[in-house]
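2 protein chains.
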Amino acid sequence: MIGLLGSNGYVGTTFRLLFDRLQIPWMPVPRSELYDARRLAAAFKHADVSCVINCAGFTGKPNVDACELQKTECLLGNGVLPGIIREVCEALDIPWGHVSTGCIFTGRRGDGHGFTEADPPNFSFRQDNCSFYSGAKALGEEVLVGAKRCYVWRLRIPLENTSSPRNYLQKLLSYDTLLEAENSLSQLQEFVQACYDSFRLEIPYGTYNVTNPGSVWTSDVVELIKKSGVSQKNFKYFHDESQFMQLAAKTPRSNCVLDSSKAIDAGLTLSPVIEAIEKMLGSWKG
Amino acid sequence: MIGLLGSNGYVGTTFRLLFDRLQIPWMPVPRSELYDARRLAAAFKHADVSCVINCAGFTGKPNVDACELQKTECLLGNGVLPGIIREVCEALDIPWGHVSTGCIFTGRRGDGHGFTEADPPNFSFRQDNCSFYSGAKALGEEVLVGAKRCYVWRLRIPLENTSSPRNYLQKLLSYDTLLEAENSLSQLQEFVQACYDSFRLEIPYGTYNVTNPGSVWTSDVVELIKKSGVSQKNFKYFHDESQFMQLAAKTPRSNCVLDSSKAIDAGLTLSPVIEAIEKMLGSWKG
Numbered sequence: 044m045i046g047l048l049g050s051n052g053y054v055g056t057t058f059r060l061l062f063d064r065l066q067i068p069w070m071p072v073p074r075s076e077l078y079d080a081r082r083l084a085a086a087f088k089h090a091d092v093s094c095v096i097n098c099a100g101f102t103g104k105p106n107v108d109a110c111e112l113q114k115t116e117c118l119l120g121n122g123v124l125p126g127i128i129r130e131v132c133e134a135l136d137i138p139w140g141h142v143s144t145g146c147i148f149t150g151r152r153g154d155g156h157g158f159t160e161a162d163p164p165n166f167s168f169r170q171d172n173c174s175f176y177s178g179a180k181a182l183g184e185e186v187l188v189g190a191k192r193c194y195v196w197r198l199r200i201p202l203e204n205t206s207s208p209r210n211y212l213q214k215l216l217s218y219d220t221l222l223e224a225e226n227s228l229s230q231l232q233e234f235v236q237a238c239y240d241s242f243r244l245e246i247p248y249g250t251y252n253v254t255n256p257g258s259v260w261t262s263d264v265v266e267l268i269k270k271s272g273v274s275q276k277n278f279k280y281f282h283d284e285s286q287f288m289q290l291a292a293k294t295p296r297s298n299c300v301l302d303s304s305k306a307i308d309a310g311l312t313l314s315p316v317i318e319a320i321e322k323m324l325g326s327w328k329g
Numbered sequence: 044m045i046g047l048l049g050s051n052g053y054v055g056t057t058f059r060l061l062f063d064r065l066q067i068p069w070m071p072v073p074r075s076e077l078y079d080a081r082r083l084a085a086a087f088k089h090a091d092v093s094c095v096i097n098c099a100g101f102t103g104k105p106n107v108d109a110c111e112l113q114k115t116e117c118l119l120g121n122g123v124l125p126g127i128i129r130e131v132c133e134a135l136d137i138p139w140g141h142v143s144t145g146c147i148f149t150g151r152r153g154d155g156h157g158f159t160e161a162d163p164p165n166f167s168f169r170q171d172n173c174s175f176y177s178g179a180k181a182l183g184e185e186v187l188v189g190a191k192r193c194y195v196w197r198l199r200i201p202l203e204n205t206s207s208p209r210n211y212l213q214k215l216l217s218y219d220t221l222l223e224a225e226n227s228l229s230q231l232q233e234f235v236q237a238c239y240d241s242f243r244l245e246i247p248y249g250t251y252n253v254t255n256p257g258s259v260w261t262s263d264v265v266e267l268i269k270k271s272g273v274s275q276k277n278f279k280y281f282h283d284e285s286q287f288m289q290l291a292a293k294t295p296r297s298n299c300v301l302d303s304s305k306a307i308d309a310g311l312t313l314s315p316v317i318e319a320i321e322k323m324l325g326s327w328k329g
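Which chain is which? The protein sequence lines are Y and W, in order. Residues in the first sequence are numbered consecutively from 44, following the working numbering. Residues in the second sequence are numbered consecutively from 44, following the working numbering.
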């Protein structure tokens, strides 16, 4: 039995679909019990949970700008909650995993490489350059330092083949104007499979950048969209990031390249990013 | 009826003594209700609370180093809780006050002045130079930006005339070796009276450095202790802050000078710091 926190969210729904397909039993945890360590522990014990996945968090609607106006919820859901779950799982000696984010990085490493799990976040409160969301998420990783039997899976810009407003490809299709930027991405179904496989394959506990190998520029993805025939829209771009910040965003966005070789070397399956995008566009259900 | 959160803590106990002395009715809020906005609101409504004082927080025992090992509780109690209380008090339109700290500053301002309420914290996650405690407390002020009918009272190194281990004078008496540093201080009974007076005198809502005017070096206080006859101990000092960090502390400490003229100008009563120390030593009950 897998305890699933945040099962009604975007990522949680994808986990549910995976578990239902594989006929793996899972139990949801009501939002009202999330922040109460005693009730959480009782629920896990009662259901004899063998592992826990946390995909609960506060991302802001319609986007991360909303976190600037809901700082308390953002800090509670992203900074504090992982620590509460850690406390409960360590007390019960249950292995568990936390869906973190690559949004705690910006750009590439000084040497041109993507960021590895050994690099400290550079888009965080400690750098004073970030959104409240990214700052809170980075604190959520800080509270997990030294956690026992714990995976930290970093998701980065989820994409799939549906018209969900949270799907990166759908976002590109619906935005009036795009920001040209380089990013690593996470194909969502591969991401949740990789998280599940972490337990199944018993890979070492710790932090993993669960992103599809490689990186893409916005315009690369636009070319793939056009080539696929999904849209022939005349995509427009902001002149630069400062115009984007002026016209479209209230708080800084992360754009970053992550190195996912630790995940790959551990045996998790993540297809190269271009291949993953082409596959989603080829099976587009938008 | 005053709603008092954290009534069993060091500062909360001092509030209770004040209210009992003035025969002002107050109600405690059980720790189990603190983080539940709905239960908190119900408790305030049920008791017809006219104002709320939050002196709940997580300071770490025996000292702030403990917060490095209890990051979740620290972030919840200091960063998130003020935001939950804000939400409840704004919904019920109740005026309230939050006991914050001067520990979100270090040193003096570049121009040599003490920090005013207009200066941003310089000992915080955003400066990446602080303890987890100070970082969380600074976030607790961030979540209150724009709060309605809200006082933020900054306490800084409480002192009184008892042998409480939280009392600065008692700390100096009990430590083997002292760090020479310049600080503003808050005489605790004057502090709680000033907080209460904020409501009573209806001073403008906002942030106040509730510290005794002026500042003192550790050695100044030691001289006052010796002069008072409270102790003739041979006080020893660390060579410098780096020796202190090496031998006695796990996380950086704030030492800072705050300007309390906004509080004084608003009509709050705070005696000059040397006078406040002499009075406590003159009535020492240790």
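Note that the Cβ used here is the ideal one computed from N, Cα and C, for glycine as well.
The beta carbon of D91 of chain W lies closer than 8 Å to those of M44 in the same chain, with the five residues before and after it left out. For I127 of chain W, the chain Y residues whose Cβ falls inside 9 Å of its Cβ are T115 and L119, in order along the chain. Within the same chain, and ignoring the five residues on either side of D108 of chain W in sequence, the residues whose Cβ sits closer than 6 Å to its Cβ are K293 and T294. Taking a beta-carbon distance threshold of 7 Å, G46 of chain Y does not count as an interface residue toward chain W. Listed along chain Y is no residue with a C-beta nearer than 9 Å to that of G150 of chain W; the closest approach is about 18 Å. With a 10 Å radius around the Cβ and a threshold of 16 neighbouring Cβ atoms, E203 of chain W comes out buried. Annotation: W260 of chain Y to E223 of chain Y spans about 6 Å, alpha carbon to alpha carbon. Listed as beta-bridge partners of I200 of chain Y by DSSP are no residues whatsoever. Within the region 77-102 of chain Y, the residues whose Cβ lies closer than 8 Å to any Cβ of chain W are, in chain order, Y78.
Contacts with chain W (Cβ-Cβ distance below 7 Å) from the region 131-148 of chain Y involve no residue at all.
As DSSP reads the structure, W69 of chain Y sits in a beta bridge with Y:I45.
Within 7 Å of the CB of D162 of chain Y, no CB atom of chain W is found; the nearest one sits about 15 Å away.
Listed along chain W are F168, R169 and D171, each with a C-beta nearer than 8 Å to that of R169 of chain Y. For V95 of chain Y, the enclosing beta strand (DSSP E) covers residues C94 to N97.
Any Cβ of chain Y closer than 7 Å to the Cβ of V72 of chain W would place that residue at the interface, and such an atom is absent. Contact holds between the region 182-189 of chain W and the region 140-154 of chain W, because three or more Cβ pairs, one in each stretch, are under 8 Å apart. Taking the C-beta atoms as reference points, A80 of chain Y is found no nearer than 7 Å to E133 of chain Y.
Each residue's CA atom was taken as its position, placing S177 of chain W and N210 of chain Y some 38 Å apart. Nearest Cα to L301 of chain W within the set W:V316, W:T56 and W:A309: W:V316. Short of 8 Å from the beta carbon of Y78 of chain Y, and not among the five residues preceding or following it, lie these beta carbons of its own chain, in chain order: L119, V123, L124 and I127. Counting only residues of its own chain and dropping the five nearest sequence neighbours on each side, G49 of chain Y has a CB closer than 6 Å to the CB of G55, C98 and A99.
By the beta-carbon neighbour count (other beta carbons within 10 angstroms, threshold 16), V265 of chain Y is buried. For F278 of chain W, the CB contacts under 7 Å within the same chain, skipping 5 residues up- and downstream, are L221 and V265 in chain order.
Per the DSSP secondary-structure output, T220 of chain W pairs in a beta bridge with W:K279.
Membership of H141 of chain W in the beta strand (DSSP E) is indicated by the continuous run W139 to T144.
Three or more beta-carbon pairs separated by less than 8 Å link the region 238-255 of chain Y to the region 190-198 of chain Y, which places the two stretches in contact. Residue burial is scored here from C-beta neighbours: Y239 of chain Y has at least 16 other C-beta atoms within 10 angstroms and is therefore classed as buried. Taking the Cβ atoms as the reference, G46 of chain Y lies roughly 6 Å from V72 of chain Y, within the contact range of under 8 Å. At the C-beta level, F166 of chain Y and E111 of chain Y stay beyond 7 Å of one another. Around K88 of chain Y, the same chain offers L135 as residues with beta carbons nearer than 7 Å, after the five sequence neighbours per side are excluded.
With fewer than 16 other Cβ atoms from the protein chains shown falling within 10 Å of its own Cβ, P208 of chain W counts as exposed. When W:F234, W:S314, W:F287 and W:G325 are compared, the shortest CA-CA separation from L267 of chain W is found for W:G325. Per DSSP, reduced to three states, the secondary structure at V235 of chain Y is helical.
The criterion of a C-beta distance shorter than 7 Å is not satisfied by I147 of chain W and P163 of chain W. Rounded to whole angstroms, the gap between the alpha carbons of S297 of chain Y and M288 of chain Y is 12 Å. For E185 of chain W, the neighbours in chain Y by C-beta distance under 7 Å run, in chain order, K114.
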